[in-house]
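Engineer:
There are 2 protein chains.
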Amino acid sequence: MNTVDAVVQLSFQVQRILAAVGAEHELSTVQLRLLGILRDRQPGMLELGNHLGLDKSSTTGLVSRAEKRGLVERSPSPHDGRGVLVSLTPAGRLLAEQGEQEIARRITALLKQLNATQRKQFTHLAAILVHG
Amino acid sequence: MNTVDAVVQLSFQVQRILAAVGAEHELSTVQLRLLGILRDRQPGMLELGNHLGLDKSSTTGLVSRAEKRGLVERSPSPHDGRGVLVSLTPAGRLLAEQGEQEIARRITALLKQLNATQRKQFTHLAAILVHG
DNA sequence: GAGAATAGTTTGTGTCACATACCAGGTCAA
DNA sequence: TTGACCTGGTATGTGACACAAACTATTCTC
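Respectively, the protein sequence lines represent chains A and B.
Counting from 1, one number per residue, gives the positions in the first sequence under our numbering.
Counting from 1, one number per residue, gives the positions in the second sequence under our numbering.
Structure, rendered in structure tokens:
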């Protein structure tokens, strides 16, 4: 297997894990990402859309669906009468934390195929690639 | 950045590349994957669905949309009156090849951040992870 | 041959993403 | 200060995508 295939296949493998973890809680990958982003932020719609790489109209819908499920809530921005701040509800926070732990568990399990030295190497190399 | 984050972020980075290459030809990631799979196969609907991890009803729709765009065609299975074989049209094959080359180009560019030794290491480790 | 299994399609529902048009609240300049 | 413009967000309409359940047509099995 060549390098390109290896990295693409690995990417799909990880995406399958994310999708599976989401599915355990009836969440899509995007919804799971949404919760993850909100763990340490209370962004407005535009900012949230930037984090997700989505148009603002897409973001509205995403948030509305999550809100309908009680995972997320809108509050008026204190400094801008047009603005909205999106934040997690307690239920949403719980799910975000469970999801994150489960993802960590599964990715860690995947990485168990490497020994400690290899894992350290791999982390180092991946880190170079992601924010290089 | 910890190991889990690194591998997840890397996965998203690769997915963004795949989406961008698809978008150049007005193809979604799934459609691009569909073309890629058909490059060296003429599977039936069920087999195709397995490759893609999709339900057969999803596969029907996917193939129908690709067929409407002239990228793919259905032919009756010679050995099974119920069956259908899905294969690339010349236009579809062209797109599949262009897409694959462009993906290779971009992934290779991404990996240019590593030196030759690191790249070899990384490939080795990724290969262990994907089919381990 | 009759009944069960199999390959694919159809239909209906929901998510997700986008573009466009729209509204209300800000901002800036004359 | 007030009119023109800009901005944050929502609404609407369209299309891709995914699934489940119901259906058709063939093939397999006994």
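We treat Cβ as the ideally placed atom computed from N, Cα and C, and that holds for glycine.
Along chain B, which residues have their Cβ under 7 Å away from the Cβ of A126 (chain A)?
Structural biologist: Numbered from 1 along the first sequence, position 126 holds the residue referred to as residue 126 (chain A). Those within 7 Å of A126 (chain A) in chain B are A6, V7, L10.
Engineer: Can you tell which of A:L129, A:G83, A:T108 has its C-alpha closest to the C-alpha of N115 (chain B)?
Structural biologist: Looking up residue 115 (chain B) in the second sequence gives position 115. Of the listed residues, the one whose Cα sits closest to N115 (chain B) is A:L129.
Engineer: What do you reckon, are the CB atoms on L88 (chain A) and L35 (chain A) nearer than 8 Å?
Structural biologist: For the purposes of this step, residue 88 (chain A) is taken as the residue at position 88 of the first sequence. For the purposes of this step, residue 35 (chain A) is taken as the residue at position 35 of the first sequence. Their beta carbons are under 8 Å apart, which means L88 (chain A) touches L35 (chain A) by this criterion.
Engineer: Within the same chain, show all residues whose beta-carbon is closer than 7 Å to that of L111 (chain B), passing over the 5 residues directly before and after it, in chain order.
Structural biologist: Residue 111 (chain B) sits at position 111 when you count from the first residue of the second sequence. The answer, listed in chain order, is R119.
Engineer: Which partner residues does S87 (chain B) have in the DSSP bridge list?
Structural biologist: One-based indexing of the second sequence puts residue 87 (chain B) at position 87. Paired residue(s): B:E73.
Engineer: If you compare alpha carbons, which of A:A20, A:N2, A:R39 is closest to E102 (chain A)?
Structural biologist: What you label residue 102 (chain A) is simply residue 102 of the first sequence in a count that begins at 1. Out of A:A20, A:N2, A:R39, A:A20 has the C-alpha closest to the C-alpha of E102 (chain A).
Engineer: Can the beta-carbon of L71 (chain A) be found less than 8 Å from the beta-carbon of K56 (chain A)?
Structural biologist: The residue given as residue 71 (chain A) occupies position 71 in the first sequence. The residue given as residue 56 (chain A) occupies position 56 in the first sequence. No, they are not a contact pair.
Engineer: Quick check on G81 (chain A): buried or exposed, where buried means 16 or more other Cβ atoms within 10 Å of its Cβ?
Structural biologist: Sequence index remark: in the first sequence, residue 81 (chain A) carries index 81 (1-based). It counts as exposed.
Engineer: Using Cβ-Cβ distances below 8 Å, what residues of the stretch 98-123 of chain B are close to chain A?
Structural biologist: Cβ contacts with chain A come from I103, A104, I107, T108, L110, L111, Q113, L114, Q118, R119, Q121, F122, T123.
Engineer: So which of A:L10, A:E26, A:E97 has the shortest CA-CA distance to G66 (chain A)?
Structural biologist: Indexing the first sequence from 1 puts residue 66 (chain A) at position 66. Correcting the residue identity first, residue 66 (chain A) is Ala in this sequence and not Gly. Answer by Cα proximity: A:E26.
Engineer: Terminal residues of the continuous alpha helix (DSSP H) containing E26 (chain B)?
Structural biologist: Stepping through the second sequence from its first residue, residue 26 (chain B) is reached at position 26. From DSSP, E26 (chain B) is part of no alpha helix (DSSP H); its letter is neither H nor E.
Engineer: Applying the 10 Å Cβ sphere with the 16-neighbour rule, what's the burial state of S156 (chain A)?
Structural biologist: No statement about residue 156 (chain A) is possible, as the shown extent of chain A runs from 1 to 132 and does not include it.
Engineer: Answer yes or no: does any C-beta atom of chain B fall closer than 8 Å to that of Q31 (chain A)?
Structural biologist: Walking along the first sequence from the start, residue 31 (chain A) turns up at place 31. Cβ-Cβ to chain B under 8 Å: no for Q31 (chain A).
Engineer: Between the Cα of S64 (chain A) and those of A:S77, A:V84, A:F122, A:H79, spot the shortest distance and give me the residue it belongs to.
Structural biologist: The residue given as residue 64 (chain A) occupies position 64 in the first sequence. The option with the nearest alpha carbon to S64 (chain A) is A:V84.
Engineer: Would a C-beta distance cut-off of 8 Å place L10 (chain A) and A126 (chain B) closer than the cut-off?
Structural biologist: Position 10 of the first sequence holds residue 10 (chain A). Position 126 of the second sequence holds residue 126 (chain B). Yes, these two residues count as a Cβ contact at 8 Å.
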